[in-house]
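Protein chains: 2
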Amino acid sequence: MKSNYITKNKIGLLALCLILGQVLLAQKNDEIQLRKIYDAALTQGKSYDWLNHLSNQIGGRLSGSVQAQQAVDYTKAELDALGLDQVWLQPVMVPKWVRGTPEFAYFETDPGITTNVPITALGGSVPTPPKGLKAKVIEVQSIEELDVLGADNIAGKIVFFNRPMDASHINTFDAYSGSVDQRGSGAKEAGKFGALGVIVRSMNLRLDDFPHTGGLSYGDTPLNERIPAAAISTNAAELLSATLKLNPEISFYFKQNCKQLDDVQSFNVIGEIKGSTHPDEIIVVGGHLDSWDLGDGSHDDGAGCVQSMEVLRLFKEIGYTPKRTIRVVLFMNEENGLRGGKKYAEVAQKNNENHIFALESDSGGFTPRGFSFDSSEADFKRVESWKPLLEPYQVSMLVKGGSGADIGPLKNDTIVLAGLKPDSQRYFDHHHSDNDRFEHVNKRELELGAAAMTSLIYLFDVYGIDGAVK
Amino acid sequence: MKSNYITKNKIGLLALCLILGQVLLAQKNDEIQLRKIYDAALTQGKSYDWLNHLSNQIGGRLSGSVQAQQAVDYTKAELDALGLDQVWLQPVMVPKWVRGTPEFAYFETDPGITTNVPITALGGSVPTPPKGLKAKVIEVQSIEELDVLGADNIAGKIVFFNRPMDASHINTFDAYSGSVDQRGSGAKEAGKFGALGVIVRSMNLRLDDFPHTGGLSYGDTPLNERIPAAAISTNAAELLSATLKLNPEISFYFKQNCKQLDDVQSFNVIGEIKGSTHPDEIIVVGGHLDSWDLGDGSHDDGAGCVQSMEVLRLFKEIGYTPKRTIRVVLFMNEENGLRGGKKYAEVAQKNNENHIFALESDSGGFTPRGFSFDSSEADFKRVESWKPLLEPYQVSMLVKGGSGADIGPLKNDTIVLAGLKPDSQRYFDHHHSDNDRFEHVNKRELELGAAAMTSLIYLFDVYGIDGAVK
Numbered sequence: 001m002k003s004n005y006i007t008k009n010k011i012g013l014l015a016l017c018l019i020l021g022q023v024l025l026a027q028k029n030d031e032i033q034l035r036k037i038y039d040a041a042l043t044q045g046k047s048y049d050w051l052n053h054l055s056n057q058i059g060g061r062l063s064g065s066v067q068a069q070q071a072v073d074y075t076k077a078e079l080d081a082l083g084l085d086q087v088w089l090q091p092v093m094v095p096k097w098v099r100g101t102p103e104f105a106y107f108e109t110d111p112g113i114t115t116n117v118p119i120t121a122l123g124g125s126v127p128t129p130p131k132g133l134k135a136k137v138i139e140v141q142s143i144e145e146l147d148v149l150g151a152d153n154i155a156g157k158i159v160f161f162n163r164p165m166d167a168s169h170i171n172t173f174d175a176y177s178g179s180v181d182q183r184g185s186g187a188k189e190a191g192k193f194g195a196l197g198v199i200v201r202s203m204n205l206r207l208d209d210f211p212h213t214g215g216l217s218y219g220d221t222p223l224n225e226r227i228p229a230a231a232i233s234t235n236a237a238e239l240l241s242a243t244l245k246l247n248p249e250i251s252f253y254f255k256q257n258c259k260q261l262d263d264v265q266s267f268n269v270i271g272e273i274k275g276s277t278h279p280d281e282i283i284v285v286g287g288h289l290d291s292w293d294l295g296d297g298s299h300d301d302g303a304g305c306v307q308s309m310e311v312l313r314l315f316k317e318i319g320y321t322p323k324r325t326i327r328v329v330l331f332m333n334e335e336n337g338l339r340g341g342k343k344y345a346e347v348a349q350k351n352n353e354n355h356i357f358a359l360e361s362d363s364g365g366f367t368p369r370g371f372s373f374d375s376s377e378a379d380f381k382r383v384e385s386w387k388p389l390l391e392p393y394q395v396s397m398l399v400k401g402g403s404g405a406d407i408g409p410l411k412n413d414t415i416v417l418a419g420l421k422p423d424s425q426r427y428f429d430h431h432h433s434d435n436d437r438f439e440h441v442n443k444r445e446l447e448l449g450a451a452a453m454t455s456l457i458y459l460f461d462v463y464g465i466d467g468a469v470k
Numbered sequence: 471m472k473s474n475y476i477t478k479n480k481i482g483l484l485a486l487c488l489i490l491g492q493v494l495l496a497q498k499n500d501e502i503q504l505r506k507i508y509d510a511a512l513t514q515g516k517s518y519d520w521l522n523h524l525s526n527q528i529g530g531r532l533s534g535s536v537q538a539q540q541a542v543d544y545t546k547a548e549l550d551a552l553g554l555d556q557v558w559l560q561p562v563m564v565p566k567w568v569r570g571t572p573e574f575a576y577f578e579t580d581p582g583i584t585t586n587v588p589i590t591a592l593g594g595s596v597p598t599p600p601k602g603l604k605a606k607v608i609e610v611q612s613i614e615e616l617d618v619l620g621a622d623n624i625a626g627k628i629v630f631f632n633r634p635m636d637a638s639h640i641n642t643f644d645a646y647s648g649s650v651d652q653r654g655s656g657a658k659e660a661g662k663f664g665a666l667g668v669i670v671r672s673m674n675l676r677l678d679d680f681p682h683t684g685g686l687s688y689g690d691t692p693l694n695e696r697i698p699a700a701a702i703s704t705n706a707a708e709l710l711s712a713t714l715k716l717n718p719e720i721s722f723y724f725k726q727n728c729k730q731l732d733d734v735q736s737f738n739v740i741g742e743i744k745g746s747t748h749p750d751e752i753i754v755v756g757g758h759l760d761s762w763d764l765g766d767g768s769h770d771d772g773a774g775c776v777q778s779m780e781v782l783r784l785f786k787e788i789g790y791t792p793k794r795t796i797r798v799v800l801f802m803n804e805e806n807g808l809r810g811g812k813k814y815a816e817v818a819q820k821n822n823e824n825h826i827f828a829l830e831s832d833s834g835g836f837t838p839r840g841f842s843f844d845s846s847e848a849d850f851k852r853v854e855s856w857k858p859l860l861e862p863y864q865v866s867m868l869v870k871g872g873s874g875a876d877i878g879p880l881k882n883d884t885i886v887l888a889g890l891k892p893d894s895q896r897y898f899d900h901h902h903s904d905n906d907r908f909e910h911v912n913k914r915e916l917e918l919g920a921a922a923m924t925s926l927i928y929l930f931d932v933y934g935i936d937g938a939v940k
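So the protein lines, in turn, are chains A and B. The C-terminal residue of the first sequence carries number 470 in this note's numbering, and the numbering is unbroken. The C-terminal residue of the second sequence carries number 940 in this note's numbering, and the numbering is unbroken.
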């Protein structure tokens, strides 16, 4: 009996050793794969060249524009050249808003004494009358303040929303969230009090001369009651505010002839590597291909697009065969409609596709710090167990939170959604302005983001998801 | 007995509660202080204005130059204005190397067919002959390769060191360490084989047109055997290398009339707040005031200087009274001599001063990621216990490693030395070149560094060091 007991123990020990050995081997293998990914990304990366073309040969890619279509054609051709298993265009109708001739604005301190102001129409705004709009200005710090002031103080005037982004936030996206209601809803709310127009301090933490555009919503305001809205640069906002303190009677003039046209045909650009063992489990990586028309949309979100393309290219480059289906999706129309994201989710549901993980990069091409996860507790724990693998690459800041606007519509009880979290400090220096330019993207920072994304997708490909209900 | 037992237990419990309460209270208090520091740094920061003056009004501050003296005067005056307990200049003799007229270089593919090359003399180099130096070029990848080639292949030629920084490193300082021997020792080593001069590929991970200078050492090479050395831009290095592959017979010409003059008088700039309860325990925070003469030295190391000044100003701003003596030291001559750092340590030792902690910022004014520590195990553990306090500010990457060149001479068995670790990706785009300019410093990134430094110094001030022997 004794020898039998020992034998049993020996077998147990052997089994334990085998299991432990396999775990260690798997971990070692993951380490090797991540190192391969980073080596390839940093020494033979393609994302920067792609972004160069997208930014400098095509430029700003507002939904429905010629440039947006050029971006569709270009990225499709580049994905075709990667030798993926399938590349296709997914049709989607998108809104077409056009800026028209460049906007013009000034404030007038005395008759004929004017100071020009850098200005940009907000995306979706109605135009001013053809000759422009001139009125007295009332400065407010918030939408709530409109209620306090009431129609008596607002009617017939231009409302100037001037609450700055709060610089004390560490994550600049929190500062953005705390101020962007002025841009998004200012016109809708001020219009209720009889304002003739709205100007908003640009969503920018710096003091400079770039006006930053961005979407607004009129909600259900009838078309004929909508008032024009525009953003002025932070320097101009400071100057206007200081001038108003000296003389509240000054008037502001702006002219814009932007226009909402009928929806037009556009596309999401999609490519995939079929999974070798679980082809029905789909992992999506993406960014949005459209951008605003100011600047060239390098950070928002050319960077996210080329990084997502790079994920699939890097798998090819290092000779990794994914077990699950890896799909890159370049979404159209994130900026002013989210039609691409909605369409993709709609088609996925119609086709009964099983998406287990989706990752979006839409926070700029800066040094990656980690990822944000919208997942079950069990899946977040699994992600946290990968921390030691990510730490050598300085991308181990793993937090719970949002993912990305375009992949949001894929949300269900089990899918893991994630967003790349690059360092956020410089993002709003560029966001939605003529200052979002290729020269402000650092090649290594962009490549590190692509490598981090590829690493995370590799890990999800190898280990899948827990799939616990959220 | 029983009631007594209970009473004892109650007292024990009470004591435990009190201790625990105090710990929690202290932790809460630390959280509040750090938040105050960050709020002040991000909303009422002064470092960016100081850097603006240092960079745009004074500019590059090579040791012994007029600009270096202007920087001494300016920072002393600014420290005086802060109302510190003491501000003084510490005299130190520094080497004075001057660049002379701008360097000039080309390579010649056929007689009279030349291509100009962006070039800069290496700091400390001897000049070329007055009419310049023209010779055939031999390209090498390493100092070791010189031995293989031998004098037969090297004598009478210009040696071209062209090993690039290795882009696969995540921390770019590792890539720098792996290549900088070519700049530092290339001339000394190539001279032994009869080379007439040395050109080095710039220490830069990007391909661009900026040549990057930096110090070299001739070791004990006699003065008359020293050969001139210069750096060429990475783009020029690529072009020259490609051209040499087509035609190894091309010649290279460069002219520089740089010169080593006699040592001159300069100063470390020092200011301090006396400790309220442990005035004899000194905490130093610093950067180096000198820079190379190309660019304006904003990242290297204007940033570290103004961040260090900001530490003391922030304590004043939030009304914090340090228990220990907090001293800011702006070291002179880090770049080509380290005389300031050596002098400071020498005087400290002579005066029997007890330095418990020294922190240097000399890795650029980029988003801070954490700190590197040279300390006993016990002190590193103590630092790690502060991680939860640092995590909300995204500066919790605490690693063992080097600190800073200027504070190195303070090293002893018990002192804790530390270096700020900013994100390293962009540092070598600027380092030692005309591209190190104020416009490449982001205000928030600079301020976050100052706040992180102030937070760490606050914690050392409150808790002191363990002081275990290393």
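Idealized CB from N, CA, C, for every residue including glycine.
- Along the length of the segment 291-352 of chain A, whole beta strand (DSSP E) runs at least 3 residues long occupy 324-331, reported in chain order.
- By the beta-carbon neighbour count (other beta carbons within 10 angstroms, threshold 16), residue 487/B is exposed.
- Secondary structure of residue 138/A (DSSP, three-state): strand.
- The C-beta separation of residue 370/A from residue 396/A comes to about 6 angstroms, placing the pair in contact by the 8 angstroms criterion.
- Considering only 639/B, 767/B and 601/B, the residue with the shortest C-alpha distance to residue 900/B is 767/B.
- At a cut-off of 8 angstroms between beta-carbon atoms, residue 43/A makes contact with chain B.
- Identification of residues in the segment 162-181 of chain A having a C-beta nearer than 7 angstroms to some C-beta of chain B yields 167, 168 and 170, given in sequence order.
- Under the Cβ criterion of 8 angstroms, residue 862/B is counted among the residues facing chain A.
- Nearest Cα to residue 892/B within the set 765/B, 915/B, 571/B and 786/B: 915/B.
- For residue 403/A, the number of other beta carbons within 10 angstroms of its own is at least 16, and it is reported as buried.
- Exposure of residue 77/A is indicated by the presence of fewer than 16 other C-beta atoms within 10 angstroms of its C-beta.
- When secondary structure is reduced to three states using DSSP, residue 651/B falls in the helix class.
- Per the C-alpha coordinates, the member of 83/A, 122/A, 360/A and 113/A positioned closest to residue 100/A is 122/A.
- At the C-beta level, residue 163/A and residue 185/A stay beyond 8 angstroms of one another.
- It is roughly 22 angstroms from the alpha-carbon of residue 33/A to the alpha-carbon of residue 419/A.
- The beta carbon of residue 795/B sits closer than 8 angstroms to the beta carbons of 742, 743, 744, 745, 748, 749, 750, 751, 752 and 753 from its chain, once the five residues preceding and following it are set aside; these are given in chain order.
- Under the DSSP assignment, residue 388/A falls in the alpha helix (DSSP H) whose first and last residues are 387-390.
- For residue 575/B against residue 759/B, the beta-carbon gap comes to about 31 angstroms, at or over 8 angstroms, which does not count as contact.
- Of all residues in the segment 196-228 of chain A, the ones placed with a Cβ closer than 8 angstroms to any Cβ belonging to chain B are 205 and 206, in chain order.
- The beta carbons of residue 195/A and residue 157/A sit closer together than 8 angstroms.
- With contacts defined by Cβ atoms closer than 8 angstroms, residue 227/A and residue 211/A do not form a contacting pair.
- Contacts with chain B at 8 angstroms (Cβ-Cβ) include residue 443/A.
- In terms of Cβ geometry, residue 560/B and residue 738/B form a close pair [threshold 8 angstroms].
- Interface annotation, residue 500/B: not in contact with chain A, CB-CB separation never under 8 angstroms.
- For residue 234/A, the closest Cβ of chain B is not nearer than 8 angstroms.
- Taking every protein chain shown into account, the CB of residue 386/A has 16 or more other CB atoms within 10 angstroms, so this residue is buried.
- Every alpha helix (DSSP H) of 4 residues or more that sits fully in the segment 691-745 of chain B is shown, in chain order, as 704-716.
- With its beta carbon less than 8 angstroms from one in chain B, residue 367/A belongs to the interface.
- Using a Cβ distance threshold of 8 angstroms, residue 107/A and residue 115/A count as a contacting pair.
- Contact residues of the segment 409-434 of chain A toward chain B are 423, 425, 426 and 429 (C-beta to C-beta distance below 8 angstroms).
- Counting every other CB atom within 10 Å of its CB across the protein chains shown gives residue 652/B a total of 16 or more, marking it as buried.
- For the segment 851-917 of chain B, the continuous beta strand (DSSP E) assignments of 3+ residues that do not extend past its boundaries occur at 867-870 and 886-892, in sequence order.
- The C-beta of residue 543/B comes no closer than 8 angstroms to any C-beta of chain A.
- If you compare the alpha carbons of 237/A, 202/A and 188/A with that of residue 222/A, the shortest gap goes to 188/A.
- The beta carbons of residue 200/A and residue 161/A sit about 5 angstroms from each other, so the pair counts as a contact at 8 angstroms.
- In terms of beta-carbon proximity, residue 49/A stays away from the interface with chain B, with every pair separated by 8 angstroms or more.
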